[in-house]
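So the sequence shown is numbered by our numbering: it starts at 0 and just counts up by one. Quick reminder that beta carbons are idealized off the backbone N, C-alpha and C, glycines included. Quick caveat: nothing in here was measured; it's all calculated off a predicted structure.
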Amino acid sequence: MHELDTATLRKYDSDYLWHPFTQMSEWEGADNPVITHGEGSYLIDSDGNRYLDGVAALWTNVHGHCKKEINEAIKEQVDRLEHSTLLGLTNDRAALLAKRLVDIAPSGLCKVFYSDNGSTAVEIGVKMAFQYQMQQGKPGKTKFIAFDNAYHGDTVGSMSVGGIDIYHATYKPLLFPTIKAPSTYCYRCSLCEARDPKRCGMECLKELERLMEEHAPELAGLVIEPAVQGAGGMIVQPEGYLKKVRELCDRYDVLMVADEVAVGFGRTGAMFACAKAGITPDIMALSKGISAGYLPLAATLTTRKVYDAFWGEYAELKTFFHGHTFTGNPIACAAALANLDLFESERLLENLVPKIAYLKERLQGLLALPHVGDVRHEGMIGGIELVRDRESRDPYPWEERVGVRVCLEARKHGLFLRPLGNVIVVFPPLSISMDELKILMDGIEKSIVAITGE
Ligand code: PMP
């Protein structure tokens, strides 16, 4: 392939590319790294600079960049079949992966519906839950419970069940209305005085129960990010919370749609957050880690109960009329199969145990810094919330871009990070070594000190 120099690549990027979630007036003309290679936990730019990837290439990477076994599986598949269709045919990779997903999923999830990204995986879950209720003869059950600070993607349907104003407010007139339940954002809880996980009375759960009881006859489903609300700021749920949500869904005949797009595939230390919590949702959305971060692939898993509601004669119109062109793409499925093989052969979940303990300890240690207000931790996920004033929990004003500045500072220490407002995100490839994790946490600490002071 013809290699271009960095200046030309930056010019082409500035002239022709429109970046996601990016104010392009800040982007164009800046010296942004042009990534050309990946190696283990590192991304490498066109000038040969190496960046330790602290966010797993947008929360997707599992076994490191350019993992030999996955590369090989993809190369092999390309020479056999690049794409077919699941509309009228099936393919070997998609069928095998469906079986393997069901084998590892929380028990009771037994059918796999493929798509290409997290937003569609959730949107499919929403459509399935809605249609399920219709086909159960409950046409009044059309609404959804969604959570403050939730993020489920950027399509119109997945935005509708989101709850982050800066991303969603502009599009509000396009979105369907939902019933909003409070998030488990203990540090800034508006329902309880303590605002402390150790003294939490789970007022948020009581409010959820009240809402579900009030709206039960019109509720089709509840959409939730299990364990951690990701884009909302790595907001962790208290122990036992998910189990209670499952009980409420059962009590009020509401389908539970679990969005494991970010937390699925080992991120919480277990294969799936729902299984860790001892529950099975009615519908579970997966993406990101499914292909180890290699290729666009998503899956929405359902129980027999949901699947059976779509069974009938064609003329009954009970069919799930949904499907994208690249559904069940065999190259992506081959990458996913190699990913699952590596989970086993490298005993990935077992090897996470000491890393999770170390991450927890380092996050706790950051509370010694005067402008670290809160640290949140779950598995291989960390959120560090920076505040202007720790006593009052007064946030840094948005315009000061403190999170962005810390991440740019971290780049000087050879790290790639991306914040969520004032929250510094720690979300490395699961394969990161202990030494690399130490480098990552040291760099984050130094960068926070450099920007916010000792
Ligand atoms: N759900 C969750 C929990 C996510 O974190 C994301 C992506 N950050 C999505 C859905 C949307 O996934 P995608 O960007 O692949 O559409």
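What span of residues does the beta strand (DSSP E) with residue i cover, start to end?
i      : result
Lys179 : 178-180
His376 : 371-377
Ile447 : From DSSP, Ile447 is part of no beta strand (DSSP E) but of the alpha helix (DSSP H) over 433-451.
Glu38  : 34-38
Glu384 : 380-388
Leu285 : 282-285
Met255 : 254-258
Classify residue i: buried if its beta carbon has 16 or more other beta carbons within 10 angstroms, exposed otherwise.
i      : result
Leu436 : buried
Lys140 : buried
Ser391 : exposed
Gly462 : With the chain covering 0 to 453 only, the question about residue 462 has no answer from this structure.
Thr267 : buried
Asp258 : buried
Lys354 : buried
Tyr177 : Just to set this straight, residue 177 is Thr in the shown sequence, not Tyr. Label assigned to Thr177: buried.
Ile165 : exposed
Val256 : buried
Asp388 : exposed
Trp397 : exposed
Ala356 : exposed
Met433 : exposed
Lys88  : It is worth fixing the name first, because residue 88 is Leu in this sequence and not Lys. Burial call: exposed.
Would you kindly work out how many angstroms separate the C-alpha atoms of residue i and residue j, rounded to a whole number?
i      : j      : result
Asn350 : Glu246 : 33 Å
Arg375 : Pro138 : 41 Å
Lys126 : Gly220 : 10 Å
Cys273 : Glu224 : 10 Å
Ala168 : Gly156 : 14 Å
Glu377 : Tyr184 : 14 Å
Lys197 : Tyr186 : 11 Å
Asp373 : Gly232 : 11 Å
Ala55  : Ile383 : 17 Å
Phe175 : Gly263 : 27 Å
Ile181 : Ile423 : Rather than Ile, the amino acid found at residue 181 in this sequence is Pro. Cα to Cα, the separation comes out at about 23 Å.
Trp26  : Leu368 : 31 Å
Pro216 : Met283 : 23 Å
Lys242 : Val222 : 14 Å
Arg303 : Asp195 : 40 Å
Cys237 : Asp147 : According to the sequence shown, residue 237 is Pro rather than Cys. Using only the alpha carbons, I get a separation of about 16 Å.
Grab me the residues of residue i's own chain with a C-beta within less than 6 Å of its C-beta, minus the 5 sequence neighbours each way, in chain order.
i      : result
Ala269 : Lys275
Ala104 : Leu300
Glu202 : Leu190, Cys191
Ser430 : His62, Gly63
Asp44  : Pro32, Val33, Ile34
Tyr319 : The sequence given here places Phe at residue 319; Tyr does not occur at that position. Counting only Cβ-Cβ distances below 6 Å, and skipping sequence neighbours, we find Phe309.
For the ligand HEM, any of its heavy atoms closer than 7 Å to the Cβ of residue i?
i      : result
Asp441 : Only the ligand PMP can be found as ligands here, which leaves the ligand HEM out of the picture.
In its own chain, which residues sit with a C-beta less than 8 Å from the C-beta of residue i, not counting the 5 before and 5 after it?
i      : result
Leu86  : Gly322, Thr326
Gly161 : Ala145, Ala149, Tyr150, His151, Gly152, His167
Val403 : Pro418
In its own chain, which residues sit with a C-beta less than 7 Å from the C-beta of residue i, not counting the 5 before and 5 after it?
i      : result
Leu42  : Ile34, Tyr50, Asp52, His64, Phe415
Ala230 : Tyr150, Ile163, Leu419
Glu81  : Ile330
Gly200 : Cys191
Lys445 : His412
Phe271 : Ala104, Pro105, Glu259, Gly263
Tell me which residue opens and which closes the alpha helix (DSSP H) that residue i is part of.
i      : result
Asp109 : Note that residue 109 is Cys in the sequence shown here, rather than Asp. Run containing Cys109: none in the alpha helix (DSSP H); it sits in the beta strand (DSSP E), 108-114.
Tyr50  : Segment 49-52 is the beta strand (DSSP E) holding Tyr50; no alpha helix (DSSP H) there.
Asp340 : 329-344
Asp249 : 240-250
Phe129 : 117-134
Q: Flag this pair as touching only if the region 315-335 and the region 111-129 have three or more C-beta atom pairs under 8 Å; answer yes or no.
A: yes
Q: Determine, using beta-carbon pairs with one atom in the region 398-411 and one in the region 9-24, whether at least three such pairs fall under 8 Å.
A: no
Q: Would you check if there are 3 or more beta carbon pairs closer than 8 Å linking the region 194-210 to the region 243-260?
A: yes
Q. Would you call the region 75-83 and the region 349-365 in contact, with 3 or more CB pairs under 8 Å?
A. no
Q. Any chance the region 334-353 sits against the region 277-295, with 3 or more Cβ pairs inside 8 Å?
A. yes
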